[in-house]
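Written as structure tokens, this is what we have:
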């Protein structure tokens, strides 16, 4: 299989799956090294296809999708409330696409998350704890933005209500 055929296959796989796809999975399926996949993804991005790297793998950026509501919300809370905040969002049927902070030196910093279930959140929290790193929101005293995606206006309203009730919404 040529490199261009492999890259077409990567895009086809990403389009067919809803969840992020790990580089290891792609390397097994396509019988190449993980580094070849990383290079292929870079070439695919250079061709204009927007692929996002998340802690769980690669996903096509579908923020423009008309069937979903996309909203950026501002929140503030301590590090200890991260899991509760994220659960409050996904429990209402939304996906947490990212976290964004405005840093005084670096400008806007974005971390792609793509969390849509409590299982996803447990994995994210476990990684935060195991790697003993601070979340982006700690750079800005807990102030941060999330881009969230949901299918229904009602879900979005419920997310906003829940976060407001808990005091997380700015």
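In the UniProt record's numbering, the protein residues as written are 1 to 170.
Glycine is no exception: its CB is placed at the ideal position from the N, C-alpha and C atoms.
When DSSP labels each residue in this structure, what does residue 102 get in the three-state scheme? In the chain shown, the residue the question calls residue 102 occupies position 102. DSSP places residue 102 in strand when its eight states are reduced to three.
Label residue 95 either buried or exposed according to how many other C-beta atoms from any shown protein chain fall within 10 Å of its C-beta, with 16 as the threshold for buried. Taking the first residue of the chain shown as position 1, residue 95 is located at position 95. With 16 or more other Cβ atoms within 10 Å, it is buried.
If the criterion is Cβ atoms closer than 9 Å, does the pair residue 134 and residue 76 meet it? Your numbering for residue 134 matches position 134 in the chain shown. Your numbering for residue 76 matches position 76 in the chain shown. For residue 134 and residue 76, no; Cβs fall outside 9 Å.
In angstroms, rounded to a whole number, what distance separates the CA positions of residue 153 and residue 161? Position 153 of the chain shown, counting from 1, holds the residue named residue 153. Position 161 of the chain shown, counting from 1, holds the residue named residue 161. Taking the straight line from one Cα to the other gives about 12 Å.
For a test of the three-state rule: what should DSSP assign to residue 74, helix, strand or coil? The residue labelled residue 74 in the question sits at position 74 within the chain shown. Three-state DSSP puts residue 74 in a strand.
Pairwise C-alpha distance: residue 120 and residue 86: Taking the first residue of the chain shown as position 1, residue 86 is located at position 86. Taking the first residue of the chain shown as position 1, residue 120 is located at position 120. Each residue's Cα considered, the two are about 10 Å apart.
Assuming contact is defined by CB atoms lying nearer than 9 Å, are residue 32 and residue 58 in contact in what I supplied? Here residue 32 corresponds to residue number 32 of the chain shown, with the count starting at 1. Here residue 58 corresponds to residue number 58 of the chain shown, with the count starting at 1. No, these two residues do not count as a Cβ contact at 9 Å.
Residue 56 versus 144, 21 and 111, residue with shortest Cα-Cα distance: Counted from its first residue, the chain shown places residue 56 at position 56. Nearest C-alpha to residue 56: 21.
Quick one: residues in its chain with C-beta nearer than 8 Å to the C-beta of residue 163, no 5 flanking neighbours on either side, listed in chain order? Counting from one through the chain shown, the residue named residue 163 turns up at place 163. Closer than 8 Å at the Cβ level, and outside the excluded window around residue 163, lie 73, 75, 85, 88, 89 and 169.
Just curious, the beta strand (DSSP E) that residue 176 is in, first and last residue? No information on residue 176 is available, as it lies outside the stretch 1 to 170 that the chain covers here.
For residue 192 and residue 101, which I take to be in contact (beta-carbon distance under 8 Å), what is that distance rounded to the nearest angstrom? One cannot answer for residue 192 here, as it falls past the ends of the chain, which runs 1 to 170.
Which residues in the same chain have their Cβ closer than 6 Å to the Cβ of residue 129, if we skip the five residues on either side of it in sequence? For the purposes of this step, residue 129 is taken as residue 129 along the chain shown, with counting starting at 1. Cβ neighbours of residue 129 beyond the five flanking positions: none.
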